[in-house]
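Notes follow the structure.
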Amino acid sequence: MNTKKTRLVRPMTRREVARCCFDSENPVVAVARLNRWLKADIQLLTELKACGYRPRIRRFTPKQVRVFHKYLL
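Set out below in structure tokens:
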């Protein structure tokens, strides 16, 4: 029996990820804070780039969303 939990993750827009990270913020402010966070956290940015991240993308792949989950939890 597999005891490891598998989490189904769907692709998410930049705004959706920002709202998950900064849930009390206005969507525009949340996206700006997400962008600043990406520029400031070199380790997060390195992991995202390894998953195919580019600065101007509008949607994050499920693999990239898992990286955000890792940093949030």
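First residue of the sequence shown? That's 13 in our numbering, and the numbers climb one at a time after it.
Note that CB positions come from ideal geometry on N, CA and C, so glycine has one too.
Computed from a predicted structure; not experimentally measured.
Does DSSP classify residue i as helix, strand or coil?
| i | result |
| --- | --- |
| residue 71 | strand |
Less than 7 Å separating the Cβ of residue i from some heavy atom of the ligand GTP?
| i | result |
| --- | --- |
| residue 70 | This structure does not include the ligand GTP; it has no bound ligands of any sort. |
On a CA-only basis, which of the options is nearest residue i? Give me that one, please.
| i | options | result |
| --- | --- | --- |
| residue 63 | 26, 77, 70, 39 | 77 |
| residue 53 | 24, 25, 20, 83 | 83 |
| residue 30 | 20, 58, 48 | 48 |
| residue 70 | 61, 26, 51 | 26 |
Less than 7 Å between C-beta atoms, sequence neighbours within five positions excluded: which residues of the same chain meet that for residue i?
| i | result |
| --- | --- |
| residue 58 | none |
*Would you mind listing the alpha helix (DSSP H) stretches within the segment 31-59 that are 4+ residues and don't spill past its ends, in chain order?*
Listed in chain order, the complete alpha helix (DSSP H) runs (minimum 4 residues) inside the segment 31-59 are 39-52.
*Three CB pairs or more closer than 8 Å across the segment 27-35 and the segment 43-60*: These segments touch.
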